[in-house]
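Residue numbers (UniProt numbering): 1 to 391. Beta carbons are placed, not taken as given, at the ideal position from N, Cα and C, and that holds for glycine. The next block holds one structure in the form of structure tokens; read it before the comments.
Structure representation (structure tokens):
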């Protein structure tokens, strides 16, 4: 299904997502398979959408026909055995379209990647986001049993970069026990020497409810690699896990890498690679565009207001910023239902300008910029800039 990428608004600058069938890589930690294991794509519907033969008249249709890039995919892998047949068909259509592609993947068999590249030959607005959870092939065989080994993914990342494709390497999830800090820094430097300098870090997204839902087989995958799942049922251990990943980001940034972990309070040019690949008029805003503006234009102690936030990000939305769109409340419904429920302001909003205002005002929304350490609240409830923070 091709849909608006609501969950990554202000995080991922690609506003559309294409999800396929359930991923057969069978990664133990996959949030999509944990939450909904059986998903089936309707390829005929995707073809109709991409070829303009769909009768759908919604926000996704509008963004697609305006040429915005597509994330392919946040909830599955286009090169997994369960998706490759569909990917072959969709690639032939997408090659002809102006829309850029953000390929989020652990890859697949070599011949699948080679065939995809041959199909896409000449299309320049493609970014590869390659996930490498651990540099250890033996650990990967346990936690990602059907995915290509990390050593193969690394080789492909370097090959793709040398072919001229922008490549982002995602250490996601970054888990102590699956990789260590010195090892990770060594990996970053190796990628740097090969021309890859953009890295994403994310924590393992588990909570007591998810852990409780695990089958004995999934539990065993974690236990075999020395991961104590009880820690993910203990809120007190969350900060320690965050600090571990944060230290990896700091190490990488000190080595000159464009390393990013969402929420960390640093000036960041990470998204420049996406803006230059897709074009400024074909990306959605990121909160980091605003954080960079704060660091450049404000001093510690200055008040930060909603209008500044909206005005900084509005240019990235072009004429969409004030275009009435009936589906606008869906962004909040899907990401912060507790904010949407019974909230007349949210349920009646129709523009991205209003949406940005709602997000700025409510810290219950994960994309709220006031959740970043760059901003705090004074005793009057006003947002205050804390000043530039350097690693």
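- Per the C-alpha coordinates, the member of 116, 197, 276 and 60 positioned closest to residue 255 is 197.
- Under the rule that a run must span 3 or more residues, no beta strand (DSSP E) segment is found entirely inside the stretch 19-85.
- In the structure shown, the three-state DSSP call for residue 332 is helix.
- According to the DSSP assignment, residue 176 belongs to no beta strand (DSSP E), since it is labelled neither H nor E.
- Taking 8 Å as the upper bound for CB-CB distance, residue 175 and residue 204 are in contact here, some 5 Å apart.
- If you look at residue 129, you'll find it isn't in any alpha helix (DSSP H); it sits in the beta strand (DSSP E) that goes 126-131.
- Note on the stretch 227-260: whole alpha helix (DSSP H) runs with a minimum of 4 residues are 238-254, in chain order.
- As the crow flies, the alpha-carbon of residue 111 is around 24 Å from that of residue 195.
- The DSSP-derived three-state label of residue 202 is coil.
- Taking every protein chain shown into account, the CB of residue 65 has fewer than 16 other CB atoms within 10 angstroms, so this residue is exposed.
- Annotated three-state conformation of residue 119 is helix, per DSSP.
- Spatial neighbours of residue 281 in its own chain (CB-CB distance under 7 Å, excluding positions within 5 residues in sequence) are listed in chain order as 318.
- Less than 9 Å separates the beta-carbon of residue 259 from that of residue 253.
- Between residue 360 and residue 316, the C-beta gap is not smaller than 9 Å, which leaves the two residues out of contact.
- For residue 354, the uninterrupted alpha helix (DSSP H) run begins and ends at 352-361, by DSSP.
- Between residue 6 and residue 331, the beta carbon gap of about 5 Å places them in contact (Cβ cut-off 8 Å).
- In the displayed model, residue 385 falls within a strand according to three-state DSSP.
- At the C-beta level, residue 26 and residue 327 stay beyond 9 Å of one another.
- Excluding five sequence positions before and after residue 374, the CB atoms of its chain that fall closer than 7 Å to its own CB belong to 265, 291, 294, 385, 386 and 389, given in chain order.
- Straight-line measurement puts the Cα of residue 305 at about 34 Å from the Cα of residue 127.
- Out of 43, 134, 91 and 135, the CA that lies nearest to the CA of residue 122 is found in 91.
- Under the three-state reduction of DSSP output, residue 302 falls in the coil class, being neither helix nor strand.
- Residue 86 and residue 131 have their C-alpha atoms spaced approximately 21 Å apart.
- DSSP, read as helix, strand or coil, puts residue 107 in coil.
- Within the DSSP bridge table, the entry for residue 13 names no partner.
- Looking at the backbone, the Cα of residue 208 and that of residue 214 are separated by about 10 Å.
- With respect to residue 73, residue 22 sits apart: the two C-beta atoms are not nearer than 9 Å.
- DSSP places residue 344 in the uninterrupted alpha helix (DSSP H) bounded by 344-348.
- Annotated three-state conformation of residue 376 is strand, per DSSP.
- Assignment of residue 4 by DSSP, reduced to helix, strand and coil, places it in the strand class.
- Under the 10 Å beta carbon count, residue 99 is surrounded by 16 or more other beta carbons and is classified as buried.
- Secondary structure note for residue 273: its alpha helix (DSSP H) is the uninterrupted segment 272-278.
- Short of 7 Å from the beta carbon of residue 210, and not among the five residues preceding or following it, lie these beta carbons of its own chain, in chain order: 34.
- In the displayed model, residue 160 falls within a helix according to three-state DSSP.
- Checking the DSSP bridge columns, you'll see residue 102 partnered with 71 and 127.
- With contacts defined as CB atoms closer than 9 Å, residue 68 and residue 105 fail to qualify as a contacting pair.
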